[in-house]
Structure formats: structure tokens, C-alpha cells
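One structure is given below, encoded as C-alpha cells.
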Amino acid sequence: MAVIRPFSAIRPSEEKAGKIAALPYDVYNRQEAKEAVAGNPYSFLRIDRAETQFDDSVDTYAPEVYQKAHDILWGMVEDGSFIKEEKDCYYIYELTMDGRTQTGIAACASIDDYEQGVIKKHENTRAEKEQDRINHVNTCNAQTGPIFLAYRANASINAVVGAVKQGEALYDFQSEDGIRHRVWVISDEAQIHMVEEAFASIGEIYIADGHHRAASAVKVGQERRKGHPGYSGEEEFNYFLSVLFPDEQLMIMDYNRVVKDLNGMSAKDFLAKVSQLFDVKPAGTGQVKPDKKGCISMYLAGKWYVCRIPKEEIPDHPVQGLDVSVLQERLLSPVLGIEDPKTDNRIDFVGGIRGLGELERRCQTDCAVAFAMYPTSIRELFAVADAGLLMPPKSTWFEPKLRSGIFIHALES
């Protein structure tokens with residue numbers, strides 16, 4: 015069963031936590047990352063995206079960039095910006111966005127559980143993206159960004175979390191995007207044991223977000239095992255930094271699609287094609303979001319339409335039955351000629367956090383049609399992973415995003 019163990023985190027000093035915490039490295043391009051760190055000398059992006067400390071002529075993946083990340087990280091440990099926990103603990107990490115709260119456990123998960131399928135994935139990874147984080151972890155000798163994991167809610171874990179949250183938070187700050195972040199430490203031995211035993215009774219853990227970070231952490235651990243042929247399994251490189259959330263608290267947002275052209279058709283002809291495939295009705299005035307599974311909103315030639323998939327035409331299959339799969343197989347591929355959405359530069363993906371206005375904006379600038387999707391559910395994600403299958407690219411968008419820099423897992427003391 016799942017091995018989810020406490021660890022001695024390297025974490026920010028209390029007065030600097032809000033300044034250090036940063037969004038994950040992969041939500042920024044290089045210019046955006048540079049702008050984010052320009053006004054904040056403590057931002058963890060200086061470590062997660064150390065190319066921000068160089069002129070643009072220096073390659074993002076140059077060896078000196080990873081070395082700079084190492085130097086900044088351990089320099090901040092030396093100057094007291096980060097401190098090392100004196101004992102192995104669990105941490106409670108609570109995020110509140112728009113009045114909705116989700117509370118996770120920061121801990122270390124086992125690379126063996128990942129390889130043996132106890133920790134389940136639902137996305138493929140790309141080797142070049144893995145290599146970046148492999149280099150970062152190896153050079154820093156630490157995992158700096160947590161993997162977002164999900165599990166089926168457990169009463170024992172809920173009880174410990176509820177009890178510890180009655181006490182004063184270690185950190186309590188609001189990030190620039192209005193999200194409140196609070197952290198507590200689970201240091202009582204009885205409570206640590208209760209959490210560890212509860213996770214040991216859970217048969218499946220799921221990667222919600224962070225597939226590349228997870229795959230990279232596992233490969234670093236495998237490589238270090240080769241360099242330590244007498245390893246015991248207790249070494250830190252056998253584990254990777256995670257925050258685990260109960261499924262009942264998680265929210266998946268829509269992950270929408272925009273397409274740059276209509277594959278040679280006029281808007282009128284394309285609408286006629288869509289109407290042959292779906293039950294299409296004009297939405298009237300204003301924006302319209304899909305209201306249930308099997309419903310897709312389409313923005314075309316300045317107008318919104320509601321496209322419904324007849325229930326009997328939705329395949330009874332964990333992947334093929336997803337709305338994003340139905341759209342791809344019925345419309346994007348045969349009508350618009352987008353065979354592989356992972357590689358076709360005619361399609362782009364817009365996270366639901368950006369709103370329907372962003373879809374309209376894209377159609378007024380560089381795109382011809384947009385599709386707003388009903389969010390994939392956590393149950394659908396679990397079903398795909400349990401079946402050992404993979405979702406289409408860009409099927410899930412989780413909010414709020416976990417901050418990097420609040421918890422760091424050193425691979426060697």
C-alpha cells in the first residue's frame with residue numbers, strides 16, 4: 015500500500031514565506047518569469063527558473079543556469095531565509111480561493127510506489143521536459159516543487175488535519191492572485207503515526223498535476239540507486255516531494271480549445287458541419303458556459319453556440335467517453351484536420367482560469383473558433399488512471415496552483 019512518509023523540510027523563515035512562495039516554474043515563459051522576479055529578490059522563481067538571473071543570450075538549459083539555482087538555494091539556507099526542520103514531520107497546506115478551501119498533507123512519496131502503480135498517472139511525459147527537472151534536482155541536490163497528488167478521502171487523516179488546524183498556523187499569507195495560503199506542522203509522534211498508518215491503508219494515489227516532476231524525481235532516484243549499490247531504501251533519494259489532497263475537496267476547471275483556422279471552410283459551412291455532428295443551438299446574447307457533461311460551448315464568427323452530444327452517442331469508456339475525446343474524434347480530427355493535438359500548431363489550449371473572455375479575444379486576434387469544455391471530473395480522472403489508460407493532452411486544469419518554495423526536500427543531508 016502507499017508509503018507516504020514525513021520529512022525534515024527546508025522551508026522559509028516565517029517572515030519571508032509570503033515573499034518566497036511562487037507559482038510553479040512551468041506556468042511562465044522566460045520573459046514572464048523575468049518580470050515576476052524583477053521586483054521580488056526573494057521569489058522562488060529565481061531558483062526554479064534561474065535563467066532569470068542571466069542575459070537572454072544564455073540558454074535556459076545551460077549548466078551554469080542549474081548551478082546558479084543551486085547557489086541561490088543554498089545561499090538562502092546559509093543566510094537564514096530558509097531553515098531546516100529539526101525532525102521529520104508532516105505539514106498541512108491549506109489553500110483558499112474564492113471562498114473554497116482545499117487542505118493537503120505535504121509529505122514524501124515513494125518512487126517504488128510510482129513504479130509499481132500504487133501512484134497512478136493519467137498523462138504521458140516528454141523526455142526533454144523531464145530532463146530539465148532531472149538536471150535541476152541533481153544540481154540543487156533537492157526537490158523544489160511538489161507533485162500534486164490526490165487520494166480518496168480518509169476519516170483518520172481528516173481527524174488529524176482538523177485537530178492540528180485548531181492551533182496557530184506556521185504561515186498565513188495571501189499571494190498576489192488573492193489566494194490565501196496557510197501551513198501547520200504535524201510534529202506530534204502519535205499524530206504522525208496515525209497519518210502514516212492511514213496512508214498505508216490506501217491502495218491508490220493519483221497524480222493530479224506534476225507528471226513531469228514526478229517522472230524526473232523517479233529517474234533521479236533510480237540513478238542515485240545505481241551510484242549507491244548498497245542503498246537501504248531509506249535514503250531521501252528514494253522519495254519525492256508531494257502534497258496530497260482528498261478527492262472530495264478538489265476542483266478541476268475546464269481546459270478549453272482554440273483553433274486558428276477552419277480548414278478551408280467558411281464559418282457558415284463549418285457551422286453546418288458541426289450541426290450534423292451535435293445538437294447545435296444559438297446561445298442568444300452573451301457568453302455561455304457548458305452546464306453539464308456532454309455539453310460544449312462554441313464561439314464562432316462573433317457568436318456563441320451550445321453543442322450537445324446525444325447521451326447515447328457518448329462511448330462507455332474511461333477515455334473515449336471524455337468530452338475532450340469526443341470533440342477530438344468527432345470534430346477536431348475529421349473536420350478540422352487536427353490529427354495530433356500534441357503537435358499540431360493550429361490548435362492551442364486555454365485554461366479555464368482565464369475565462370470565456372480569453373476565448374473571445376483569441377478569436378478576434380489569431381483564431382477562428384473556440385470550444386469551451388465542461389470540466390473533467392476527479393472521478394473521470396480516477397477511472398482513467400485505474401484502467402491504466404492516459405487522457406488526451408490538456409484534459410484537466412487544477413486550481414489553485416500549489417506554490418513552490420514553501421517546502422523543499424533535500425536528497426542528502
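In this text, residue positions in the sequence shown follow the numbering used here: the first is 15, and each later residue adds one.
Backbone N, C-alpha and C fix where the C-beta goes; we use that ideal spot for every residue, glycine too.
All values derive from a computational prediction rather than experimental measurement.
Kindly indicate which three-state DSSP category residue i falls into: helix, strand or coil?
i: D146; result: helix
i: A64; result: helix
i: V41; result: helix
i: F284; result: helix
i: A229; result: helix
i: I18; result: strand
i: S339; result: helix
i: H331; result: coil
i: A156; result: strand
i: S418; result: strand
i: A35; result: coil
i: F251; result: helix
i: S289; result: helix
i: K48; result: helix
Measuring CA to CA, which of the options is closest to residue i?
i: I104; options: V199, I310, S339 and N43; result: Here residue 104 turns out to be Tyr, not Ile, going by the sequence shown. When only C-alpha atoms are compared, the closest one is V199.
i: F21; options: W88, H207 and D69; result: H207
i: D126; options: L59, I18 and D93; result: I18
i: G369; options: T379, R360, A386 and T357; result: A386
i: T390; options: E210, P407 and L37; result: P407
i: A424; options: C154, S215 and R196; result: C154
i: K274; options: K179, N138 and C381; result: C381
i: I171; options: D261, N152, Y245 and E144; result: D261
i: D354; options: I367, S339 and G366; result: S339
i: P324; options: C309, S230, D146 and K82; result: C309
i: D202; options: I61, S256, D102 and Y39; result: D102
i: H136; options: S57, A399 and T357; result: A399
i: S280; options: L350, P304, R238 and K240; result: L350
i: V12; options: L276, E374 and G241; result: Look at the range of the chain in this structure, 15 to 427, and you will see that residue 12 is not part of it.
i: V132; options: M15, W88 and S71; result: M15
i: E326; options: K307, H195 and W318; result: K307
i: R393; options: N359, V333, S347 and L373; result: V333
i: A229; options: F187, F259 and V151; result: V151
i: L373; options: V174, P329, V91 and M312; result: M312
Across which residues does DSSP place residue i in a beta bridge pair?
i: K295; result: V320
i: D362; result: V272
i: W411; result: M267
i: Q108; result: Checking the sequence, you will find Glu at residue 108 rather than Gln. DSSP, once it has assigned bridges, lists T117 and R196 as partnering E108.
i: M312; result: Y319 and F385
i: K134; result: Y220
i: Y259; result: One detail in the question is off: residue 259 reads as Phe in this sequence, not Tyr. In DSSP, F259 forms a bridge with A164.
i: C103; result: F21
i: A6; result: This structure does not reach residue 6, given that the chain is present from 15 up to 427, and the question cannot be answered.
i: C122; result: R19 and L255
How far does the beta strand (DSSP E) with residue i in it reach, from first residue to last?
i: P26; result: I24 to P26
i: K82; result: No beta strand (DSSP E) contains K82, which is instead part of the alpha helix (DSSP H) from P77 to E92.
i: K98; result: F96 to K98
Output the boundary residues of the alpha helix (DSSP H) element that contains residue i.
i: A222; result: Segment I219 to D223 is the beta strand (DSSP E) holding A222; no alpha helix (DSSP H) there.
i: D186; result: Per DSSP, D186 belongs to no alpha helix (DSSP H); it is in the beta strand (DSSP E), Y185 to Q188.
i: I125; result: I125 to E129
i: I367; result: Careful: I367 lies outside any alpha helix (DSSP H) and carries neither H nor E.
i: G176; result: A169 to V178
i: D400; result: I392 to D400
i: V209; result: E203 to A214
How about the segment 45-55 and the segment 233-240: do they share at least three Cβ pairs that are nearer than 8 Å? Contact fails: fewer than three Cβ-Cβ distances are below 8 Å.
Across the segment 162-170 and the segment 211-221, are there enough close Cβ pairs to call them in contact, namely three or more that are closer than 8 Å? Contact between the segment 162-170 and the segment 211-221 is present, with at least three C-beta pairs closer than 8 Å.
Touching or not, the segment 408-427 and the segment 262-270, by the rule of three or more beta carbon pairs under 8 Å? The answer is yes - the segment 262-270 touches the segment 408-427, with three or more Cβ pairs under 8 Å.
Can you confirm whether the segment 246-257 touches the segment 118-132 when touching is taken to mean that 3 or more C-beta pairs between the two stretches lie within less than 8 Å? With a cut-off of 8 Å, the segment 246-257 and the segment 118-132 count as touching, because enough Cβ pairs lie within range.
Within the chosen definition, does the segment 77-85 reach the segment 180-187 through at least 3 CB pairs nearer than 8 Å? When C-beta atoms of the segment 77-85 are compared with those of the segment 180-187, fewer than three pairs fall below 8 Å, so the two segments do not count as touching.
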